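*Asks:* Sharing a structure, written as structure tokens. Questions coming.
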Amino acid sequence: MRLDVVLRVVTKLMLPFMLVFASYVQFHGDYGPGGGFQAGVIAAAALILYALMFGLSAAQRVVPTWLVEKLIPLGVMIYAGTGVVSLFLHENFLNYSALSHHHPVHGQEWGVFTVEVGVFVTVSSTMIAIFYAFGGRGR
Amino acid sequence: METFINMVLLTLLAVITIGVVRLRNLFAVIILGGIYSFLMASVLIVLDAVDVAMTEASVGAGISTVLMLTVLYMTRVEEAKPVHSPMLPLFVAGVTGAVLVYGTWGLPAFGLADTPLNNHVGMTYMDLSIPDTGIPNVVTSVLASYRGFDTLGETTVVFTAGIGVLLLLRRGVSVARLRRKQQEEESKS
Chain A
25 MRLDVVLRVV
35 TKLMLPFMLV
45 FASYVQFHGD
55 YGPGGGFQAG
65 VIAAAALILY
75 ALMFGLSAAQ
85 RVVPTWLVEK
95 LIPLGVMIYA
105 GTGVVSLFLH
115 ENFLNYSALS
125 HHHPVHGQEW
135 GVFTVEVGVF
145 VTVSSTMIAI
155 FYAFGGRGR
Chain B
30 METFINMVLL
40 TLLAVITIGV
50 VRLRNLFAVI
60 ILGGIYSFLM
70 ASVLIVLDAV
80 DVAMTEASVG
90 AGISTVLMLT
100 VLYMTRVEEA
110 KPVHSPMLPL
120 FVAGVTGAVL
130 VYGTWGLPAF
140 GLADTPLNNH
150 VGMTYMDLSI
160 PDTGIPNVVT
170 SVLASYRGFD
180 TLGETTVVFT
190 AGIGVLLLLR
200 RGVSVARLRR
210 KQQEEESKS
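Here the protein sequences come in this chain order: A and B. Numbered as in the numbering used here, the first sequence ends at 163 without a single skipped number. Numbered as in the numbering used here, the second sequence ends at 218 without a single skipped number.
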């Protein structure tokens with residue numbers, strides 16, 4: 025573990041760029057390719073890279089297991105909750121136009137944004153949780 | 030040029046498949062699987078399916094390779110000799126492949142403009158995406174808004190898969206720990 029200095033330094037240099045790229049893919053999904061799913065996987069990959077280089081316990085100090093396992097259902101709840109909110113605003117389930125009363129298009133943009141956040145949360149935490157579960161078994 | 034790129038990529042895919050079938054070293058097979066995914070992502074980029082290519086590169090080449098390697102850490106690197114004759118699986122795979130190739134004969138030629146796909150619903154989404162949702166990337170607007178139900182279902186599938194895997198792996202760990210504890214207590218007493 026002590027000899028791979030180059031790998032460790034390169035990993036530390038790459039991590040911020042990976043996370044920025046994940047947020048770019050997440051928030052720029054309306055204009056370019058990508059969205060919550062891809063961004064979630066990239067963010068999870070960044071943490072997994074960290075875990076591979078610095079050990080599972082170091083990664084679990086950054087993102088603890090209990091948090092990851094709470095986040096998996098939270099994403100689905102954010103997604104479904106958006107639909108329920110639009111139901112309460114006298115529209116169909118998941119019709120985001122209801123979210124902004126005067127500008128349906130703004131409502132759509134907000135709705136898509138929230139929904140993508142939900143997808144991101146579920147996908148990234150699922151990937152991390154599965155990796156934690158597999159990695160934890162090896163010891 | 031595009032034909033040439035496609036030919037190179039597909040030839041490499043075939044070569045890697047043969048390598049995966051012939052190699053017995055599982056570490057090499059996993060790495061070849063990662064390369065396969067990257068090549069597949071390149072093919073998808075040539076097909077202008079950038080979103081799918083991104084998913085393939087990150088999930089196929091990234092996460093699954095890492096997960097496979099983690100699993101390999103727990104097992105042996107060398108693949109065991111098959112117990113059964115490979116004839117039946119070969120037959121099933123061959124027939125399935127032949128049926129799939131037969132199915133492609135019914136498809137319209139690649140990139141044809143006057144297919145139903147490129148005329149009715151598809152064009153409606155292209156025209157309506159900006160006025161309806163203000164989102165220029167039609168893939169996103171279809172995925173998250175027009176077909177929001179589908180994507181909710183997909184997210185639920187990811188959730189269910191994650192919970193399922195966690196339950197399976199967790200149970201194994203806790204049972205192993207329980208046994209170890211029991212053994213320790215027995216050895217103490």
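Virtual Cβ for every residue (Gly too), placed ideally from N, Cα, C. Quick caveat: nothing in here was measured; it's all calculated off a predicted structure.
Name the residue from Ala57/B, Met30/B, Arg199/B and Asp80/B whose alpha carbon lies nearest to the alpha carbon of Arg161/A.
*Replies:* Of Ala57/B, Met30/B, Arg199/B and Asp80/B, the residue nearest in Cα terms is Arg199/B.
*Asks:* Got a sec? Which residues, its chain only, sit under 7 Å from Thr89/A by beta carbon, not counting five neighbours each side?
*Replies:* Closer than 7 Å at the Cβ level, and outside the excluded window around Thr89/A, lie Tyr156.
*Asks:* Using 10 angstroms around the beta-carbon of Thr162/B, count the other beta-carbons present and answer buried if the total reaches 16, otherwise exposed.
*Replies:* So Thr162/B counts as buried.
*Asks:* Closer than 8 Å, CB to CB, is Gly79/A near chain B or not?
*Replies:* Answer no: the Cβ-Cβ gap between Gly79/A and chain B never drops below 8 Å.
*Asks:* Closer than 8 Å, Cβ to any Cβ of chain B: which residues of the stretch 137–163 of chain A, in chain order?
*Replies:* Within the stretch 137–163 of chain A, the residues whose Cβ lies closer than 8 Å to some Cβ of chain B are Val139, Glu140, Gly142, Val143, Thr146, Val147, Ser149, Thr150, Met151, Ala153, Ile154, Phe155, Ala157, Phe158, Gly159, Gly160, Arg161 and Gly162, listed in chain order.
*Asks:* Using a Cβ-Cβ cut-off of 8 Å, state whether Gly135/A counts as contacting chain B.
*Replies:* Taking Cβ atoms only, chain B reaches closer than 8 Å to Gly135/A, which makes this a yes.
*Asks:* By the DSSP assignment, the alpha helix (DSSP H) with Thr125/B in it spans what residues?
*Replies:* Start and end: Met116 to Thr133.
*Asks:* Please report whether the beta-carbon of Asp54/A lies at a distance below 8 Å from any beta-carbon of chain B.
*Replies:* Closer than 8 Å: yes.
*Asks:* Hey, out of Glu140/A, Pro57/A, Gln62/A and Val65/A, whose CA is closest to Asp77/B's CA?
*Replies:* Minimum Cα distance to Asp77/B is reached at Pro57/A.
*Asks:* Can you tell me the Cα-Cα spacing of His114/A and Ser87/B, whole angstroms?
*Replies:* Near 39 Å, if we compare the C-alpha coordinates of Ser87/B and His114/A.
*Asks:* Is there a C-beta anywhere in chain A that falls below 8 Å from the one on Arg105/B?
*Replies:* Answer no: the Cβ-Cβ gap between Arg105/B and chain A never drops below 8 Å.
*Asks:* Rounding to the nearest angstrom, what Cα-Cα distance links Leu98/B and Glu107/B in this structure?
*Replies:* Computed Cα separation, rounded: 13 Å.
*Asks:* If contact is defined by three or more beta carbon pairs under 8 Å, each pair taking one atom from either stretch, is the stretch 72–89 of chain A in contact with the stretch 130–139 of chain A?
*Replies:* Result no; under three Cβ-Cβ pairs closer than 8 Å.
*Asks:* Of all the CB atoms in chain B, is at least one closer than 8 Å to the CB of Tyr120/A?
*Replies:* True, the Cβ-Cβ gap to chain B drops below 8 Å.
*Asks:* Are Val29/A and Gly99/A closer than 8 Å when you measure CB to CB?
*Replies:* Not closer than 8 Å, so no.
*Asks:* Do we get a CB-CB distance below 8 Å when we pair Ala70/B with the residues of chain A?
*Replies:* Chain A, which has no Cβ nearer than 8 Å to the Cβ of Ala70/B, makes this no.
*Asks:* Tell me which residue opens and which closes the alpha helix (DSSP H) that Val200/A is part of.
*Replies:* The structure shown has nothing for residue 200/A, since chain A only spans 25 to 163.
*Asks:* Report buried or exposed for Ala69/A, applying the criterion of at least 16 other Cβ atoms within 10 angstroms of its Cβ.
*Replies:* Result: buried.
*Asks:* Using a Cβ cut-off of 8 Å (strictly closer), state whether Val29/A contacts chain B.
*Replies:* Not closer than 8 Å to any Cβ of chain B, the Cβ of Val29/A fails to qualify, so no.
*Asks:* Have a look at Ala127/B and Leu117/B and give me their C-alpha separation to the nearest angstrom.
*Replies:* Those two C-alpha atoms are separated by around 15 Å.
*Asks:* CB-CB under 8 Å to Val92/A, same chain, minus the five flanking residues each way: which ones, in chain order?
*Replies:* Same-chain partners within the cutoff: Ser149, Ile152, Ala153 and Tyr156.
*Asks:* Would Leu96/B and Phe158/A qualify as a contact pair, given that the criterion is a beta-carbon distance under 8 Å?
*Replies:* Yes, the pair counts as a contact, with Cβ atoms nearer than the cut-off.
*Asks:* What does Glu107/B pair with, by DSSP beta-bridge criteria?
*Replies:* Answer is Asn54/B, bridged to Glu107/B.
*Asks:* Using the beta-carbon of each residue, which ones in chain B are nearer than 9 Å to Gly105/A?
*Replies:* What Gly105/A touches in chain B: nothing, since even the nearest Cβ is about 11 Å away.
*Asks:* Anyone know if the C-beta pair for Ser110/A and Leu95/A falls short of 8 Å?
*Replies:* Contact: no.
*Asks:* Val112/B by DSSP, collapsed to three states: which one?
*Replies:* Correct three-state label for Val112/B: coil.
*Asks:* With a CB to CB cut of under 8 Å and the five nearest residues on each side skipped, what residues in its chain are close to Leu141/B?
*Replies:* These residues qualify, in order along the chain: Asn147.
*Asks:* List the residues of chain B whose Cβ lies closer than 7 Å to the Cβ of Pro88/A, in chain order.
*Replies:* Here the premise fails: no neighbours, minimum Cβ distance about 15 Å.
*Asks:* Grouping DSSP H, G and I as helix and E and B as strand, with all else coil, what is His130/A?
*Replies:* Of the three classes helix, strand and coil, the one that applies to His130/A here is helix, per DSSP.
*Asks:* Taking 8 Å as the CB-CB cut-off, is Pro97/A touching chain B?
*Replies:* Yes, its Cβ sits closer than 8 Å to a Cβ of chain B.
*Asks:* With DSSP as the reference, label Gln78/B as helix, strand or coil.
*Replies:* Per the sequence shown, the amino acid found at residue 78/B is Ala instead of Gln. Coil, per DSSP.
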